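Report on the structure given below.
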Amino acid sequence: MNSEYQKYIPSKAIPFVQFLIEKHNFLLKIVNQRATKHGDFRQLPNGSFVITVNNNLNKHQFLLTLVHEIAHYVTHKKFGRVQPHGKEWKAVFQHLMLPFLHPDIYPSEILPFLANYLKNPKASTDSDVNLSLVLKGNMAESGKCFIFELSVGDFFEFKNFIYKRGTKRRTRIECLNTSNNNMYLFNQNVEVYKYGK
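Heads up: the sequence shown begins at 85 in this note's numbering, then just goes up one per residue.
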């Protein structure tokens, strides 16, 4: 059995993750970072199932992403075709995450945010700003910063476009694309390059 995943998750989580992998019939692949997703689950043309998780995630992000994708697999086997992140998946994901909600696995500074997120989990943990930040240790990637750290009027680069930071609207921040003059809403925890830094 492929045990490469063990170095990517907290050591106390290994026995239960191993149980989930042995109980369910899918191939786990650890892949290079993808810009748009942390992991995915799909059925191959030959009928087998594969789960992929990005190799750049820290142990707490990796574990959460892996269980998120295993929940897709279990939901598919149990309910067939249902909404990808509908009530069936939410219930399965909550159930599978329960054994991991422990201070030996997730530090006490992450647990309250994780428990709150799991009350109504979304398609991406990044949509929960507080959880996303605490999972990253409140640190952006080297050379980058979070949008919320910029001042109104600051310029930044995101996916090869230059934007000007605007005001916050409820949970997201308005930013002006300087190429097409359109306004876009960004999650506060998006990581960007400050322009002219």
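Glycine included, C-beta positions come from ideal geometry on N, C-alpha and C.
It should be emphasised that the depicted structure is a prediction, and the values quoted were computed from it without experimental measurement.
In the DSSP assignment, the beta strand (DSSP E) including residue i goes from what residue to what residue?
i, result
"ASN138", "133-138"
"GLN127", "123-127"
"PHE239", "239-242"
Short of 8 Å in beta carbon distance, which residues of its chain neighbour residue i, apart from the five on each side in sequence? Order them along the chain.
i, result
"ASN183", "The sequence given here places Pro at residue 183; Asn does not occur at that position. The residues are PHE100."
"PHE282", "Given that the chain is displayed from residue 85 to residue 281, the structure contains no residue 282 and the question cannot be resolved."
"ILE98", "GLN90"
"GLU88", "ILE114"
"ASN204", "LYS174"
"GLN167", "TRP173"
Given that a residue counts as buried once 16 or more other Cβ atoms are within 10 Å of its Cβ, and exposed if not, what is residue i?
i, result
"PHE197", "buried"
"THR149", "buried"
"ASP188", "exposed"
"MET181", "buried"
"THR159", "buried"
Could you tell me if the beta carbon of residue i falls within a distance shorter than 6 Å of some heavy atom in the ligand SAH?
i, result
"THR136", "Inclusion of the ligand SAH in the displayed structure is not the case, the ligand content being empty and no account of it being possible."
Under 7 Å Cβ to Cβ from residue i, same chain only, skipping five residues before and after it: list those, please.
i, result
"PHE146", "TYR92, ILE93 and VAL137"
"LEU202", "GLN178 and MET181"
Spatial neighbours of residue i within its chain, please: CB distance less than 6 Å, with the 5 preceding and 5 following residues excluded, ordered by chain position.
i, result
"ASP210", "SER216"
Is there contact between the region 149-160 and the region 106-117, where contact requires at least three CB pairs shorter than 8 Å? Contact between the region 149-160 and the region 106-117 is established, with three or more Cβ pairs separated by less than 8 Å.
Those runs of the alpha helix (DSSP H) which lie wholly inside the region 171-236 and span at least 4 residues: The DSSP assignment places 171-181, 195-202 and 213-219 as complete runs of the alpha helix (DSSP H) inside the region 171-236, in order along the chain (cut-off: 4 residues).
Taking contact to mean at least 3 C-beta pairs separated by less than 8 Å, is the region 204-220 in contact with the region 258-276? By the Cβ criterion, the region 204-220 is in contact with the region 258-276, since at least three pairs of Cβ atoms, one from each stretch, lie closer than 8 Å.
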